[in-house]
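Accompanying notes for the structure given below.
Number of protein chains: 2
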Amino acid sequence: MPRKTDRRQIRTNQLLRKTLFELMQEKSVNAITVTDITSRADINRGTFYLHYRDVPDMLEKLKEEVMAEIRSIVLEIDPRDTRIYAEKGEPYPPSIQIFEVLIKHGDFIKAVLGPNGDMSFVRQFRQFMTENMYDKQAFRMAAQNSRIPSDYLIAYMTSANIGLVIHWIESGMNLSAEEMGALMTQLINYGPLITSGIVSKA
Amino acid sequence: MPRKTDRRQIRTNQLLRKTLFELMQEKSVNAITVTDITSRADINRGTFYLHYRDVPDMLEKLKEEVMAEIRSIVLEIDPRDTRIYAEKGEPYPPSIQIFEVLIKHGDFIKAVLGPNGDMSFVRQFRQFMTENMYDKQAFRMAAQNSRIPSDYLIAYMTSANIGLVIHWIESGMNLSAEEMGALMTQLINYGPLITSGIVSKA
DNA sequence: ATTATAATGAACAAACTGTTGATTAATGAT
DNA sequence: ATCATTAATCAACAGTTTGTTCATTATAAT
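So the sequences go chain by chain: X and D. Quick note on numbering: my numbering labels position 83 of the first sequence as 83, and the sequence is numbered without any gaps. For my numbering, count along the second sequence from 1 and bump the result up by 1000.
Here it is as structure tokens:
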């Protein structure tokens, strides 16, 4: 693995990535070979091994990179703050930032959350939201008087948000980061039924 | 591909499947070779090709089989009926049946919804629930007076239910089909906030 | 007991892998 | 502009895995 100063490496690396994303739209990671990538990218096969150990390793590196960026934003989130914005009908700023990161890495996200995507990435993503997006204590309290165990409640709601993101991707990312942020802010605070107007606020 | 009457085929086929599930718990489908499966199953490699074209084909066949079973149950669901059961605090019977099928194919489901799982299966599953579990007209009506587009609302809620299933699997399927059915019935009708008691019924 | 056929074992070329060593060429620093 | 560094190339290597074939053996259905 070479250092990251030389333009040649950067160019080669970007070309390799771009090509991997392309191939991931076409077939499962499953079937993608080093030869596939390098021959399409018009890069010597040996060069691949100067950058990555193999295809799974390459995917792993990319996942870590994007997750790190998302992590830095999610860590800033305080669920208690979202209520203030939700009541004003405005998007909570960090939720916009998340969608901005997703847009920035659009090709990767499309590949990794698409039909040939990677469940373990979704799992990480979910794990993350679980740990940070929800006020665990509030949920625990609520769970005491409730039929539903708090871990199931949290799983239900985090997956819902990820589903929102996946649907957004499948729809061609046709809403802006601001619109998605606003949507998410509302849904987190009021839930789908209240937000949609099926049930009125208590 | 041989017919399905001969005991030898059935035995071989079941052994192949069982071994695939095992391997899927250990590594990504990605890395599983025909040789992996046959050598562990102590079956001639050539025999594999008498049953399946390759590993992805094998997975595809299994997915179709399980999906067909789930489909037959989901088709019986009428979302309007769920309300009756939800109000009585009882599980809507088809929701129990779904979890019974999932338990029946536990090894497969664990493999395909686990970290090394298959996003396209989740996608199918979601597609399915989207088309059948929700009363589209009711959602369309609700969407007219709402900030949130109905397709996003449906994506949000279907993913939530899948998240429930995945969490159940990750927790070792430690709730019974009845308990999960009851949980799902409540959540579909009242949403997480009302079900958990954070917000009271309108 | 006989027939049909599933499974085996061995062998094959083909493709992909991971690695090496020598060579070429682009880059960064001076 | 020159020069040392090093990324990228090319060719070659043995080792796997693949997909297929064929003759043989073992098992099941009747």
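We treat Cβ as the ideally placed atom computed from N, Cα and C, and that holds for glycine.
What does the alpha-carbon distance come out to for the pair residue 1067/D and residue 64/X? Those two C-alpha atoms are separated by around 33 Å.
Where residue 107/X falls: helix, strand or coil (DSSP): In the three-state scheme derived from DSSP, where H, G and I count as helix and E and B as strand, residue 107/X is classed as helix.
Secondary structure at residue 173/X, three-state DSSP: helix, strand or coil? The answer is coil: DSSP assigns residue 173/X none of H, G, I, E or B.
8 Å is my cut-off, CB to CB: does residue 1086/D come that close to chain X? No, no contact with chain X.
Which whole-angstrom value describes the C-beta separation of residue 1043/D and residue 1012/D, a residue pair presumed to lie in contact below a C-beta threshold of 8 Å? Indeed they touch by this definition, with Cβ atoms about 6 Å apart.
Look at the alpha carbon of residue 1047/D and the alpha carbon of residue 1033/D, and state the distance between them as a whole number of angstroms. Near 14 Å, if we compare the C-alpha coordinates of residue 1033/D and residue 1047/D.
What does residue 1123/D touch in chain X if you count any residue whose Cβ is under 7 Å from its own? Against chain X, the beta carbon of residue 1123/D has neighbours under 7 Å at 115, listed in chain order.
Cα-Cα, which of 1181/D, 1031/D, 1183/D, 1187/D is closest to residue 1156/D? The shortest C-alpha separation from residue 1156/D is found at 1187/D.
Please decide whether residue 91/X counts as near chain D, where near means a Cβ-Cβ distance under 8 Å. Any Cβ of chain D closer than 8 Å to the Cβ of residue 91/X would place that residue at the interface, and such an atom is absent.
Residue 1132/D - containing alpha helix (DSSP H), residue span: According to the DSSP assignment, residue 1132/D belongs to the alpha helix (DSSP H) that extends over 1119-1132.
Output needed for residue 1/X: all residues of its chain with C-beta closer than 7 Å, excluding positions within five of it in sequence on either side, in chain order. Bear in mind that the predicted position of residue 1/X carries a pLDDT of just 49, short of 50, making it too unreliable to give a figure here.
Counting only beta-carbon atoms, is residue 1078/D nearer than 8 Å to chain X? For residue 1078/D, no CB of chain X lies under 8 Å from its own CB, so it is not counted at the interface with that chain.
Within 10 angstroms of the Cβ of residue 117/X, are there 16 or more other Cβ atoms? Answer buried if so, exposed if not. With 16 or more other Cβ atoms inside 10 Å of its own Cβ, residue 117/X counts as buried.
Along the chain, where does the alpha helix (DSSP H) containing residue 13/X start, and where does it finish? Here the alpha helix (DSSP H) through residue 13/X covers 7-26.
On the criterion of 16 or more Cβ atoms from any shown chain inside 10 Å, does residue 17/X qualify as buried, or is it exposed? Residue environment analysis places residue 17/X among the buried positions, since at least 16 neighbouring C-beta atoms fall within 10 angstroms of its C-beta.
Using beta carbons (cut-off 8 Å, strictly below), is residue 172/X in contact with chain D? Not closer than 8 Å to any Cβ of chain D, the Cβ of residue 172/X fails to qualify, so no.
Rounded to the nearest angstrom, what separates residue 28/X and residue 8/X at their Cα positions? CA-CA distance, residue 28/X to residue 8/X, rounds to 29 Å.
Quick one: which chain X residues come within Cβ less than 8 Å of residue 1158/D? Residues of chain X whose Cβ lies closer than 8 Å to the Cβ of residue 1158/D are, in chain order, 163.
Report the start-end ranges of each alpha helix (DSSP H) in the region 63-116 of chain X that is 4 residues or longer and not cut off at the edges. The qualifying runs are 79-88, 93-104, 106-113.
Give a yes or no on whether the minimum CB-CB distance between residue 177/X and chain D is below 8 Å. Answer no: the Cβ-Cβ gap between residue 177/X and chain D never drops below 8 Å.
Just to confirm, is the Cβ distance from residue 1122/D to residue 1113/D under 8 Å? It is a contact, given that the beta carbons lie within the stated cut-off.
Are residue 183/X and residue 1152/D close, meaning C-beta to C-beta below 8 Å? Yes, Cβ-Cβ distance for residue 183/X and residue 1152/D is below 8 Å.
Would you kindly work out how many angstroms separate the C-alpha atoms of residue 55/X and residue 1124/D, rounded to a whole number? Rounded to whole angstroms, the gap between the alpha carbons of residue 55/X and residue 1124/D is 26 Å.
Interface residues of chain X around residue 1030/D at Cβ under 7 Å? Listed along chain X, the residues sitting closer than 7 Å to residue 1030/D by beta-carbon distance are 29, 30, 56.
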